[in-house]
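*Asks:* Right, I'll just put the structure down here and ask away after.
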Amino acid sequence: MLVSFDHMSSFLNFHYDFTETNIFYGVIYLFCLSERLLVSGSSRSISASVGEDVTLNCSVDSHITLQDIEQVSWKKTDEDEEIQVLLYQDNEILPEASDQRYSDRVEFFRDEIPKFNFSLRLKSVRTEDKGVYMCEVLAGGLSANTTVELERLGFSVSHIMVLILCVSASGSALLLCCLIYCRSLHKGFFGQQTYNHQFNLGSSVVLPCHVDECLLKKNLKVEWRRKDTKTLVHLYEDGESRAQQDYQDRAHFFTDQIQHGNFSLRLDDLRAEDAGEYTCNIYSDLSTVTRTAETSLVPQFKVKGSSGNKTVPLGGSVVLLCQVDKSLLENSLKVEWRRADSETLVHLYEDGESRPKKQHKDYQHRAQFITEKIKDGNFSLRLDKLRAEDAGKYTCKVYSEQDCVHSADAELEILRFAVKCSRHTLAPLGSSVVLPSYGDKSLPVEGLRVDWRKGYTTVHLYEDGQANTPQQDYQDRACFFTDEFQSGNFSLRLDDLRAEDAGEYTCRVYSNQRPVFSAKTNLVPRLLDPVFRLHMSLVFCPNVLMLLAVCPWGVSEGQCFTAD
Numbered sequence: 001m002l003v004s005f006d007h008m009s010s011f012l013n014f015h016y017d018f019t020e021t022n023i024f025y026g027v028i029y030l031f032c033l034s035e036r037l038l039v040s041g042s043s044r045s046i047s048a049s050v051g052e053d054v055t056l057n058c059s060v061d062s063h064i065t066l067q068d069i070e071q072v073s074w075k076k077t078d079e080d081e082e083i084q085v086l087l088y089q090d091n092e093i094l095p096e097a098s099d100q101r102y103s104d105r106v107e108f109f110r111d112e113i114p115k116f117n118f119s120l121r122l123k124s125v126r127t128e129d130k131g132v133y134m135c136e137v138l139a140g141g142l143s144a145n146t147t148v149e150l151e152r153l154g155f156s157v158s159h160i161m162v163l164i165l166c167v168s169a170s171g172s173a174l175l176l177c178c179l180i181y182c183r184s185l186h187k188g189f190f191g192q193q194t195y196n197h198q199f200n201l202g203s204s205v206v207l208p209c210h211v212d213e214c215l216l217k218k219n220l221k222v223e224w225r226r227k228d229t230k231t232l233v234h235l236y237e238d239g240e241s242r243a244q245q246d247y248q249d250r251a252h253f254f255t256d257q258i259q260h261g262n263f264s265l266r267l268d269d270l271r272a273e274d275a276g277e278y279t280c281n282i283y284s285d286l287s288t289v290t291r292t293a294e295t296s297l298v299p300q301f302k303v304k305g306s307s308g309n310k311t312v313p314l315g316g317s318v319v320l321l322c323q324v325d326k327s328l329l330e331n332s333l334k335v336e337w338r339r340a341d342s343e344t345l346v347h348l349y350e351d352g353e354s355r356p357k358k359q360h361k362d363y364q365h366r367a368q369f370i371t372e373k374i375k376d377g378n379f380s381l382r383l384d385k386l387r388a389e390d391a392g393k394y395t396c397k398v399y400s401e402q403d404c405v406h407s408a409d410a411e412l413e414i415l416r417f418a419v420k421c422s423r424h425t426l427a428p429l430g431s432s433v434v435l436p437s438y439g440d441k442s443l444p445v446e447g448l449r450v451d452w453r454k455g456y457t458t459v460h461l462y463e464d465g466q467a468n469t470p471q472q473d474y475q476d477r478a479c480f481f482t483d484e485f486q487s488g489n490f491s492l493r494l495d496d497l498r499a500e501d502a503g504e505y506t507c508r509v510y511s512n513q514r515p516v517f518s519a520k521t522n523l524v525p526r527l528l529d530p531v532f533r534l535h536m537s538l539v540f541c542p543n544v545l546m547l548l549a550v551c552p553w554g555v556s557e558g559q560c561f562t563a564d
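First residue of the sequence shown? That's 1 in the UniProt record's numbering, and the numbers climb one at a time after it.
The structure is reproduced here in structure tokens:
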């Protein structure tokens, strides 16, 4: 069959025009479809408390048919993964495609799907639901999406109101407590003492302890004990005082002052082993609660024979000297530091290095050589974090080929004590309090001046053999124990305590116009312990219980989320 060239050309032109037309209309169709595939999300923020439901909005342009929509998927897009929340595909909702975390908690609004509304209902919101959610729509091979972020807002209005009520109740409780305190008739003072004086070995020191005079008739029992060993030092019971054997003739009460509630302990002939904490325990039928006063004798150390008067406090560091001839360093040396009394190994140098693992456990991390000076033959021992039991004699022995070629002795002695008061008895308003001030030696009455002041105000003054009270506020209320001056007792008794007596008091003692020592006592106002505890329990317990109940509820139930 023969076809002319003109016929063939006409056929090809027709086919080309038809194909071009189809492509043109297809492009126009897709363009129109893409223009009409618009997906929009929520236009306003939606909030919900934990446990409630939230709706994440997603709608499609209604100019396309429902059959054109191939798939609608809701996903939670975290940084490292996408979690399938709910899927609509081939005109069906597929809840089985949801991640287990969203099982039975998500759904479409079925009645709204024909209206192209694919909003998602998320039920029983949890804290881990926080994140970004994407609604993605596929239609005609094209896709469009919208995102919504679920953000934590905090507490809901109801939770905030409850918390405000709790805070308000606590504030009211605090205010009520202040009013109770200000108007309470059961207030008193703590006396906090500070000594600007140190007591030498062999001298005397007074450990303060005072009780209210009203307790003296209530089967009072007073014990002075060592806190570290529980050793009984002195006892007052059944109206009599008794010193224990170890402190016989060294520990005394001020017998004539017991009638005024003064149970301060005078400890004579101070020894190195007296270092430590002492507790005054007071028992009375009036109260089952033990009242206590604690005083510490804090040792001040010095290396015996060292030049100068510098002392080292408890917890400080000292250097015990041991120097050998540098010529001995050519041989293999062994250097031992030991306690002379017990042969306890304090530190060891052997085979060219220190051996800390061989030293006694009491000196581990505390005793060491000065490494950079060993090359000069200096094997001095540095002892850190000094303890009271470190006092004693030490021996440095240097061995070369098992022969002792050098030895040196050093003694760490307790030179004196500082007194530190850490806990104090309480004196009620209207009662008497003794502001302690004790010297370690007696002073001649001639030329003696004792000046007690509160700030710049003179409270009581002893001068030229006479005591007087310049200030009217303290007239007939402040008095000395003048018969105790010769034994170093310069304490001040302040009667009929008043609220305005609070503050710092300073005692300065002079002999022939030369300052001898000073002591300070700070009267700090406070409610009596039983009354204070009762007020606190009545005021705060209900509020604290309510707050403890509300806070877990607010944290677990009150976290809010918003859908933007």
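The beta carbon of each residue, even a glycine, is placed where N, CA and C say it ideally should be.
Residues in its own chain within less than 6 Å of G316 by CB, not counting five upstream and five downstream?
*Replies:* L386
*Asks:* Kindly examine the ligand PLP and report whether one of its heavy atoms sits closer than 7 Å to the Cβ of L329.
*Replies:* For the ligand PLP, the structure offers nothing, since it holds no ligand at all.
*Asks:* Taking 8 Å as the cut-off, does the region 125 to 134 touch the region 73 to 87 (at least 3 CB pairs, one atom from each stretch)?
*Replies:* A contact exists between the region 73 to 87 and the region 125 to 134.
*Asks:* Tell me whether the region 297 to 306 and the region 409 to 423 touch, counting them as touching only if at least three CB pairs, one residue from each stretch, are closer than 8 Å.
*Replies:* As far as the Cβ criterion goes, the region 297 to 306 touches the region 409 to 423, which means the pair count is three or higher.
*Asks:* Bridge partners of Q323, per DSSP?
*Replies:* N378
*Asks:* Identify every residue that forms a DSSP beta bridge with S518.
*Replies:* DSSP lists R508 as partners of S518.
*Asks:* Give the secondary structure of Y133 by DSSP, where H, G and I count as helix, E and B as strand, and everything else as coil.
*Replies:* strand
*Asks:* Rounding to the nearest angstrom, what Cα-Cα distance links K304 and D325 in this structure?
*Replies:* 23 Å
*Asks:* Nearest to H460 by alpha carbon, out of L415, T506, H365 and L429?
*Replies:* Comparing Cα-Cα distances from H460 to each of L415, T506, H365 and L429, the minimum goes to T506.
*Asks:* Measuring only the C-alpha atoms, how far is N262 from T231?
*Replies:* 22 Å
*Asks:* Tell me the DSSP secondary structure of K302 in three-state form.
*Replies:* strand
*Asks:* For Y474 and S487, what's the separation of their Cα atoms in angstroms?
*Replies:* Roughly 25 Å between the two C-alpha positions.
*Asks:* Please classify E336: is it buried, with 16 or more other beta-carbons within 10 angstroms of its beta-carbon, or exposed?
*Replies:* buried
*Asks:* Would you grab the beta carbon distance between Y394 and A340 for me? Rounded to a whole angstrom, and I think it's under 8 Å.
*Replies:* 6 Å
*Asks:* Any idea what DSSP makes of Y456, helix, strand or coil?
*Replies:* coil
*Asks:* Give the C-beta separation of N522 and F254 to the nearest angstrom, bearing in mind that I take them to be a contact with Cβ-Cβ under 8 Å.
*Replies:* Rounded, the Cβ-Cβ distance is 23 Å, inconsistent with contact.
*Asks:* Just tell me which of R508, P525 and Y283 has its CA closest to the CA of F517.
*Replies:* R508
*Asks:* From S103 to D111, what does the alpha carbon distance come to, in whole angstroms?
*Replies:* Taking C-alpha positions only, S103 is separated from D111 by approximately 21 Å.
*Asks:* Counting only beta-carbon atoms, is V222 nearer than 8 Å to chain D?
*Replies:* Reference to chain D is not applicable here, since this structure consists of a single protein chain.
*Asks:* Going by DSSP, name the residue or residues bridged to G503.
*Replies:* L523
*Asks:* What does DSSP give as the partner residues of residue 566 in its beta bridges?
*Replies:* Since the first residue of the chain shown is 1 and the last is 564, residue 566 is not available in this structure.
*Asks:* If I measure Cβ to Cβ from Q359 and keep anything under 7 Å in the same chain, skipping five residues before and after, which residues do I get?
*Replies:* L345, V346, H347, L348 and A367
*Asks:* Check this for me: beta carbons of V233 and Y278, under 8 Å apart or not?
*Replies:* For V233 and Y278, yes; Cβs fall inside 8 Å.
*Asks:* In terms of DSSP beta bridges, what is D496 paired with?
*Replies:* D496 pairs with nothing; no bridge assigned.
*Asks:* If you reduce the DSSP assignment to three classes, tell me which class S487 lands in.
*Replies:* helix
*Asks:* Give the C-beta separation of L412 and G430 to the nearest angstrom, bearing in mind that I take them to be a contact with Cβ-Cβ under 8 Å.
*Replies:* With a Cβ gap of about 50 Å, L412 and G430 do not count as contacting.
*Asks:* As a quick exercise: from G202, V312, K221 and E330, pick the residue whose alpha carbon is nearest that of L270.
*Replies:* Here the closest residue by C-alpha is G202.
*Asks:* Taking the alpha-carbon positions, what's the N57 to L120 distance?
*Replies:* 6 Å
*Asks:* How many whole angstroms separate the CB atoms of Q471 and T458, which I take to be in contact at a CB cut-off of 8 Å?
*Replies:* Right, their Cβ atoms sit about 6 Å apart.
*Asks:* What distance in whole Å lies between the Cβ atoms of P436 and S491, which are believed to be in contact at a cut-off of 8 Å?
*Replies:* Correct: roughly 5 Å between the Cβ atoms.
*Asks:* Would you identify the three-state DSSP class for L207, choosing helix, strand or coil?
*Replies:* strand
*Asks:* How should C322 be labelled, buried or exposed, when 16 other C-beta atoms within 10 angstroms of its C-beta is the threshold for buried?
*Replies:* buried
*Asks:* Expressed to the nearest angstrom, what Euclidean distance is found between the alpha-carbon atoms of G439 and V205?
*Replies:* 7 Å
*Asks:* When we look at the beta-carbon of C404 and count the other beta-carbons within 10 Å, is it buried (16 or more) or exposed?
*Replies:* By the C-beta density criterion, C404 is exposed, having fewer than 16 other C-beta atoms within 10 angstroms.
*Asks:* For H406, write down the residues that DSSP places opposite it in a beta bridge.
*Replies:* V398
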